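**Student:**
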Amino acid sequence: MPKHQTTAAQAARQDATIGAKYTTALRARRAAAPARTAVVRFLAQESGYLHELIAGIAAAWADTGLRVLLLQETDRSWRWTLPSGRRQQPVTPTAPEPVTAVLWEQPTGPGTLVHHTCVWDVWGPGDRGMPARDRTPLRTALAAARDAYDIVVLLPDGSWTSPERELATASIAAVDLNDFPNTDCRVALPGTYEHRGAPLSPEQCAAVLRERHLSFLYGFGLAALPIEPDGLIWQLHGKAPVDDAYLQRVDRDMARVGLRTLGWATTEPLPLRPRGRLPTPEQLGSPDFVRPHREIAARLRQVLDVRPA
Numbered sequence: 003m004p005k006h007q008t009t010a011a012q013a014a015r016q017d018a019t020i021g022a023k024y025t026t027a028l029r030a031r032r033a034a035a036p037a038r039t040a041v042v043r044f045l046a047q048e049s050g051y052l053h054e055l056i057a058g059i060a061a062a063w064a065d066t067g068l069r070v071l072l073l074q075e076t077d078r079s080w081r082w083t084l085p086s087g088r089r090q091q092p093v094t095p096t097a098p099e100p101v102t103a104v105l106w107e108q109p110t111g112p113g114t115l116v117h118h119t120c121v122w123d124v125w126g127p128g129d130r131g132m133p134a135r136d137r138t139p140l141r142t143a144l145a146a147a148r149d150a151y152d153i154v155v156l157l158p159d160g161s162w163t164s165p166e167r168e169l170a171t172a173s174i175a176a177v178d179l180n181d182f183p184n185t186d187c188r189v190a191l192p193g194t195y196e197h198r199g200a201p202l203s204p205e206q207c208a209a210v211l212r213e214r215h216l217s218f219l220y221g222f223g224l225a226a227l228p229i230e231p232d233g234l235i236w237q238l239h240g241k242a243p244v245d246d247a248y249l250q251r252v253d254r255d256m257a258r259v260g261l262r263t264l265g266w267a268t269t270e271p272l273p274l275r276p277r278g279r280l281p282t283p284e285q286l287g288s289p290d291f292v293r294p295h296r297e298i299a300a301r302l303r304q305v306l307d308v309r310p311a
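Mapping of the sequence shown onto our numbering: residues 3 to 311, in sequence order.
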């Protein structure tokens, strides 16, 4: 599905330019538009500590009555299995079977959160002896999910830096920040664990964030295509060392270059957090876990223009 497909909101703005009231036009467009499944791809240079954030957003969607699927790629280590013995000959290993688990479900209503793990692609003969990647398994899984879910979240096993352009309807950049760059030229204070440095303005901070954490969006080399995310989410370790006014100015500078910030999430410091794992069903069903993710989930839902079927 094309990434830049016209949404009801965009069409309503076009109606408003010719004299129609925007809210009336939007209501009419949404009523006339067929319900479609949103396929979301989160982009990240380092994704190890983002599973909790993404699962929290998905759980918040399910809590509002949406049917959400976390579609995760099977661990790719099964591809490289070789037979034992003196003569090592490559073989075609057997792919693991798909696994489906219901993580959370409303007692009454359609809201549900399901986790499905399956193979996304297979390798076949290609040009000049090089293998070609066939994404038929992923397309098949998405086709089966379109009638059963409102939102599908793609969780790849490998790199998170390149979106599935032909499959995802929205791409959201997510960045895990261990160190918020509000100061520069820092030095350690003798006899302490503290650092001192020159303060950065919010605009300088935004430039450092783009340079250090968002460079993967703009490609590497002539063959790489730039990625245009539909939104941007930051995850901080603990409380931000700056106030809300500072963060708002950072957001405005990001918007100046076309990066729309959807929110600033906070999480536990690194020693207390699991890496690369989804939360347990008990955590996902806890209101205390879902509550901090509701605001970002609501903003992202507006970007997706998704309503319960």
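Here a beta-carbon is modelled for each residue, glycine too, at the ideal position from N, C-alpha and C. If you're wondering where the values come from, they're calculated on a predicted model, not measured in any experiment.
#1: Helix, strand or coil: how does DSSP classify Asp253 here?
#2: From the DSSP output, in three-state form, read off Leu219 for me.
#3: For the alpha helix (DSSP H) that Trp162 lies in, which residues bound it at each end?
#4: Cβ of Pro283 within 8 Å of Cβ of Leu261?
#5: List the residues that DSSP assigns as beta-bridge partners of Leu169.
#6: Assess contact between the segment 236–246 and the segment 277–297, defined as three or more Cβ pairs (one per stretch) separated by less than 8 Å. Is contact present?
#7: Does DSSP put Pro108 in a helix, in a strand, or in coil?
#8: Let me confirm a value: Gly193 is counted as buried when at least 16 other C-beta atoms fall within 10 Å, else exposed. Which label applies?
#9: Any idea what DSSP makes of Val210, helix, strand or coil?
#10: Could you tell me the alpha carbon to alpha carbon distance between His295 and Thr185, rounded to whole angstroms?
#11: Output needed for Arg251: all residues of its chain with C-beta closer than 6 Å, excluding positions within five of it in sequence on either side, in chain order.
#12: Report yes if the CB atom of Trp106 is closer than 8 Å to the CB atom of Ala150, and no otherwise.
#13: Note down the Cα distance separating Asp77 from Val154, rounded to an integer number of angstroms.
#14: Which one of Glu75, Ala147, Leu202 and Ser79 has the shortest CA to CA distance from Arg69?
#15: Which same chain residues, not among the five before or five after Thr114, have their C-beta less than 8 Å away from its C-beta?
#16: Along the alpha helix (DSSP H) that carries Leu202, what are the first and last residues, could you check?
#17: Report buried or exposed for Ser79, applying the criterion of at least 16 other Cβ atoms within 10 angstroms of its Cβ.
#18: So what's Val177 in DSSP terms, helix, strand or just coil?
#19: Could you compute how far the alpha carbon of Ile56 sits from the alpha carbon of Ile298?
#20: Out of Pro271, Glu270, Leu238 and Ala209, which has the shortest C-alpha to C-alpha gap to Ala257?
#21: Can the beta-carbon of His118 be found less than 8 Å from the beta-carbon of Leu280?
#22: Roughly how many angstroms lie between the CA atoms of Arg293 and Gly50, to the nearest whole one?
#23: Can you tell me the Cα-Cα spacing of Thr263 and Leu234, whole angstroms?
#24: Between the beta-carbon of Asp152 and the beta-carbon of Leu140, is there less than 8 Å?
#25: Around the C-beta of Ser173, are 16 or more other C-beta atoms found within 10 angstroms, so that it is buried, or is it exposed?
#26: Just to confirm, is the Cβ distance from Arg81 to Glu166 under 8 Å?
#27: Our contact map puts Ile59 next to Leu302 with C-beta atoms below 8 Å; I'd like the distance itself, whole angstroms only.
#28: Does the beta-carbon distance from Leu169 to Val41 come in below 8 Å?
#29: Please check the pair Gln74 and Thr163, which I expect to be a contact at CB under 8 Å, by giving their CB distance rounded to whole angstroms.
**Tutor:** Reading it off the structure:
#1: helix
#2: helix
#3: First-last for Trp162: undefined, no H or E at that position.
#4: Their beta carbons are not under 8 Å apart, which means Pro283 does not touch Leu261 by this criterion.
#5: BP columns for Leu169 are empty, so no partner.
#6: No, they do not touch.
#7: Reading off the sequence, residue 108 comes out as Gln, not Pro. Looking at Gln108 - three-state DSSP - the assignment turns out to be coil, as it is neither helix nor strand.
#8: exposed
#9: helix
#10: 28 Å
#11: Pro204
#12: no
#13: 19 Å
#14: Ranking Glu75, Ala147, Leu202 and Ser79 by Cα distance to Arg69 puts Ala147 first.
#15: Ala64, Arg69, Val70, Val104, Trp106, Glu107 and Gln108
#16: Looking at the DSSP string, Leu202 is not in any alpha helix (DSSP H), and its letter there is neither H nor E.
#17: exposed
#18: strand
#19: 10 Å
#20: Relative to Ala257, the option among Pro271, Glu270, Leu238 and Ala209 whose CA is nearest is Ala209.
#21: No. Outside cutoff.
#22: 22 Å
#23: 5 Å
#24: Not a contact, by the Cβ cut-off of 8 Å.
#25: buried
#26: no
#27: 6 Å
#28: yes
#29: In fact, because the Cβ distance is near 17 Å, the residues do not count as touching under 8 Å.
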